[in-house]
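Count the first sequence with our numbering and you get residues 3 to 490, in order.
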Amino acid sequence: MSLSIYNSLSRNKEKFEPLQPGIVSMYVCGPTVYGHAHLGHAKSYVSFDVVVRWLRQSGYRVKYIQNITDVGHLTDDADEGEDKIAKQANLEKTDPMEIAQFYTRSFYDDMDKLGVLRPNIAPTATAHIPEQIELVEKLIAKGHAYDVDGNVYFSVQSFEGYGKLSGRTDQEALQSGVRVGVRSEKRDPSDFALWKKADENHVMKWRSPWSVGYPGWHLECSAMSMKYLGETIDIHGGGMENKFPHHDCEIAQSEAATGKPYVRFWMHNNMVTINGIKMGKSLKNSVNLKDIFHDTDPLVIRFFILQSHYRSPLDFSETAIKASATGLEKLRETQRRLREQQAGTAEFDLAPFALRFAEAMDDDFNTPVAIAVLFELSKAINAALDRQEGIATASRQEIAKFLHRAGIGVLGIFNIDGHENHKEQEGSAKKLDDVMEIVLALRAEAKQNKNFALSDKIREMLLTTGIEIKDTKEGAVWSAENRMKPTR
RNA sequence: GGCGAAGUGGCCGAGUGGUUAGGCAGAGGUCUGCAAAACCUUGUACAGCGGUUCAAAUCCGCUCUUCGCCUCCA
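1) Quick check: the stretch 38 to 48 against the stretch 112 to 124, are there 3 or more CB pairs under 8 Å?
2) Just the C-alpha distance for A200 and V214, rounded to the nearest angstrom, thanks.
3) Measuring only the C-alpha atoms, how far is K403 from G411?
4) Does the count of Cβ pairs from the stretch 151 to 162 and the stretch 233 to 243 closer than 8 Å reach three?
5) Quick check on this structure: which residue in Q390, M228, S457, L11 has the alpha carbon closest to the alpha carbon of N69?
6) Return helix, strand or coil for A124, following the three-state DSSP convention.
7) For D79, count neighbouring Cβ atoms within 10 angstroms of its own Cβ and tell me buried if that reaches 16, exposed if not.
8) Go ahead and label Q177 buried or exposed: buried means 16 or more other beta carbons lie within 10 angstroms of its beta carbon, across all protein chains shown.
9) Taking I142 as the reference, which of A325, I323, R338, S256 has the closest Cα?
10) Measuring CB atoms only, is the stretch 120 to 134 touching the stretch 209 to 226, in the sense that at least three cross pairs come out at less than 8 Å?
11) So which of S168, D149, E162, L231 has the shortest CA-CA distance to K198?
12) I'd like the list of long-range same chain contacts for Y1, defined as Cβ closer than 6 Å, with 5 residues on each side in sequence excluded.
13) According to DSSP, Y29 sits in a beta bridge with which residue or residues?
14) Looking at the structure shown, is M113 part of a helix, part of a strand, or coil, going by DSSP?
15) For a test of the three-state rule: what should DSSP assign to N153, helix, strand or coil?
16) Can you tell me which of the three DSSP states F416 falls into?
17) Check each candidate in K433, I415, Q337 and name the one with the smallest Cα separation from R55.
18) Do the stretch 375 to 384 and the stretch 323 to 342 meet, that is, are 3 or more Cβ pairs less than 8 Å apart?
19) Please state the DSSP three-state secondary structure of A394.
20) Roughly how far, in whole angstroms, is the beta-carbon of A147 from the beta-carbon of L196, given that I think they are within contact range, below 8 Å?
21) For my contact list, E476 and Q343 are in at a C-beta cut-off of 8 Å; report their separation, rounded to the angstrom.
22) Can you check DSSP and say which residues form a bridge with Y148?
23) Just to confirm, are L308 and S27 a CB contact at a threshold of 9 Å?
24) Using only the alpha-carbon positions, how far apart do R461 and Q450 sit?
25) Is there contact between the stretch 96 to 108 and the stretch 28 to 38, where contact requires at least three CB pairs shorter than 8 Å?
26) My parser needs the beta strand (DSSP E) runs of 3 or more residues fully inside the stretch 335 to 383; what are they?
27) Relative to the C-alpha of V479, which residue among F194, M242, D351, V441 is closest?
28) With contact counted as at least three CB pairs below 8 Å, one residue from each stretch, are the stretch 314 to 321 and the stretch 271 to 280 in contact?
29) Less than 9 Å separating the beta-carbons of S4 and D364?
30) Beta-carbon separation of M269 and D85 under 9 Å?
31) From V64, T96, G24, pick the residue whose C-alpha is nearest to that of I119; which is it?
32) Express the C-alpha separation of H130 and P98 in angstroms, rounding to a whole number.
33) Rounded to whole angstroms, how far is the Cβ of K15 from the Cβ of D366, which I believe are closer than 8 Å?
34) Rank E233, R304, Q390 by C-alpha distance to the C-alpha of T260 and give the top, closest one.
35) When the Cα of T395 is compared with those of V375, L340, A372, which residue comes out closest?
36) Where does the unbroken beta strand (DSSP E) through A195 begin, and where does it stop?
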């Protein structure tokens, strides 16, 4: 068994081996923090979260960098328009740094709820201005960049292979699409900005050898990736829409500066669509995570995302979410049964399931297939538990361990708190447990006396508060809607 | 126009030259005081048209349709 990853650069699945044995260096383009996170962020970061988790599960030490873009890049053209963060600051009548900080916290808040592990390092663009300036200096020294009146541009002509990631290598064709006569100071219309001179009322600006200004929008990723992970890294992830120009520019400026390959494996995740149309900030159809979490368990969203492959587009709809919620509940129910049923005698052959799960994950992180294996396992477990012989304790422990590793460790779709840690809970949660224990005892007594009218009434009344009772083989169990929410 | 992705049963969604994906919904059944859950049974799908092959949903060609990128975007 070995891991293969689809490399956007070669457009093929390739066997993955890190450059340094045992250590994986990984960089993923982080969010620009000028608004709350939406479903697209969720898909992207959940997908890469699972990549990191699986790599770690496979025994690698993963050094995972995910930046925070807190320099506003421009609202319009790459070279024109308004700084997005500054614009939001204006709108909210505060300054850019507060905007950046506020939405950074909001971002992590949402990601935590989705069970996305924090990166090892989360560097910000504003804290790495010197590194970015240094990179520009290097490029100028090597003749790959030029300064025109305080603006520095990367010379695309000087770098062979520009556009190799997106396949946009035909410069003639590229240029014919560029608007005529807009900007004459560039030597070539495809050249992109490394450093921009700021005008009078630009708020976020820094001193540089060329002008008081701000870095170009591709620069930070190259500078920070190289600073923390080295000149050649194993994996660079990001959204598909960033292939061109962002990632192609990153490759150009990085490889021109170092003369070494920048990234070994490029991974691109696909887009979220809503009713078949791309969801985007600039379109008005973006779905805010905080709004969804209001009435949907964040882990259902996570599960929903992982039920499709990261390279497939994901179409969001109410019915699809509901179907996912029901399916996830089924898996959790199996866990519950496994935990609560009396020890049996029969052995359970877990190995084939564990193997298929691992094979799916090794095949370019095929989470939908991995989840399908979990469903099949769930069915097999339930069937075994339904039988007289049940499942022997040793087998049960083995299964529980696997489910914990697969469901919590790798996919992160099961609650960590769940109902299993009753004793460790505190405060109102503990109180609720105690009260429910009493209620269920009284109800059991009513049932014992064949007072079904009363027992049914208890069940109905509890349901109005969102607590559901089920009479299972293992006795009455209950679940409450608000208990589904993961702890932070 | 250029670059790229994709069209799978009621819905979502994997896979891929010959063997069951999986989930949700639906139907029938078992169990159960009832309900729920669970289990069993049930669906024979791969846009269209040609071609290659003993065999194609899977490979090739054409057509149609959808989506993304080519301005910021995960």
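Cβ coordinates follow ideal geometry from the N, Cα and C atoms, glycine included.
The answer reads as follows:
1) yes
2) In the first sequence, the residue the question calls residue 200 occupies position 198. In the first sequence, the residue the question calls residue 214 occupies position 212. So the two alpha carbons sit approximately 6 Å from each other.
3) Here residue 403 refers to the residue found at position 401 when the first sequence is read from its first residue. Here residue 411 refers to the residue found at position 409 when the first sequence is read from its first residue. Those two C-alpha atoms are separated by around 10 Å.
4) no
5) To locate residue 69, count along the first sequence from 1; it is residue 67. The shortest C-alpha separation from N69 is found at M228.
6) Your numbering for residue 124 matches position 122 in the first sequence. Residue state, collapsed to three classes: coil.
7) For the purposes of this step, residue 79 is taken as the residue at position 77 of the first sequence. A caution first: D79 carries a pLDDT of 42, below 50, which makes its placement in the model too unreliable to give a value.
8) Here residue 177 corresponds to residue number 175 of the first sequence, with the count starting at 1. Because Q177 carries a pLDDT of 49, less than 50, the predicted location of this residue cannot be relied on, and the following value inherits that uncertainty. It counts as exposed.
9) Within the first sequence, the letter at position 140 stands for residue 142. Among A325, I323, R338, S256, the Cα nearest to that of I142 belongs to S256.
10) yes
11) Position 196 of the first sequence, counting from 1, holds the residue named residue 198. The residue with the shortest Cα to Cα distance from K198 is D149.
12) Lying before the first or after the last residue shown, residue 1 is absent from the chain, which here runs from 3 to 490.
13) Counting from 1 along the first sequence, the entry for residue 29 is found at position 27. Answer is I67, H238, bridged to Y29.
14) In the first sequence, the residue the question calls residue 113 occupies position 111. Helix, per DSSP.
15) What you label residue 153 is simply residue 151 of the first sequence in a count that begins at 1. N153: strand per DSSP, three-state reduction.
16) Taking the first residue of the first sequence as 1, we reach residue 416 at position 414. DSSP places F416 in coil when its eight states are reduced to three.
17) Translated into positions along the first sequence, residue 55 becomes position 53. Considering only alpha carbons, the answer is I415.
18) yes
19) If you number the first sequence from 1, residue 394 lands on position 392. Here A394 sits in strand by DSSP.
20) Position 145 of the first sequence, counting from 1, holds the residue named residue 147. Position 194 of the first sequence, counting from 1, holds the residue named residue 196. The Cβ separation is near 6 Å, so the contact holds.
21) The count along the first sequence starts at 1 and reaches residue 476 at position 474. The count along the first sequence starts at 1 and reaches residue 343 at position 341. About 5 Å; that satisfies the 8 Å criterion.
22) Along the first sequence, read from residue 1 onward, the residue named residue 148 stands at position 146. Looking at the DSSP assignment, Y148 forms a beta bridge with Y155.
23) By 1-based counting over the first sequence, the position of residue 308 is 306. By 1-based counting over the first sequence, the position of residue 27 is 25. No; because the gap between Cβ atoms is not below 9 Å, this pair is not in contact.
24) Here residue 461 is taken as the residue at index 459 of the first sequence, counted from 1. Here residue 450 is taken as the residue at index 448 of the first sequence, counted from 1. Each residue's alpha carbon lies about 15 Å from the other.
25) yes
26) none
27) In the first sequence, counting from the first residue as 1, residue 479 sits at position 477. Among F194, M242, D351, V441, the Cα nearest to that of V479 is on V441.
28) yes
29) What you label residue 4 is simply residue 2 of the first sequence in a count that begins at 1. What you label residue 364 is simply residue 362 of the first sequence in a count that begins at 1. Contact flag set, yes.
30) Stepping through the first sequence from its first residue, residue 269 is reached at position 267. Stepping through the first sequence from its first residue, residue 85 is reached at position 83. No.
31) Counted from its first residue, the first sequence places residue 119 at position 117. Note on identity: in this sequence residue 119 is Leu, with Ile being the wrong assignment. With distances taken between Cα atoms, L119 lies closest to V64.
32) The residue you call residue 98 lines up with position 96 of the first sequence. The residue you call residue 130 lines up with position 128 of the first sequence. Approximately 17 Å between the Cα atoms of the pair.
33) The residue you call residue 15 lines up with position 13 of the first sequence. The residue you call residue 366 lines up with position 364 of the first sequence. At roughly 6 Å, the Cβ-Cβ gap stays under 8 Å, so K15 and D366 are in contact.
34) Locating residue 260 in the first sequence gives position 258, where the first residue counts as 1. Among E233, R304, Q390, the Cα nearest to that of T260 is on E233.
35) Here residue 395 refers to the residue found at position 393 of the first sequence. Of V375, L340, A372, the residue nearest in Cα terms is L340.
36) Working through the first sequence from its first residue, we reach residue 195 at position 193. Residues 194 to 199.
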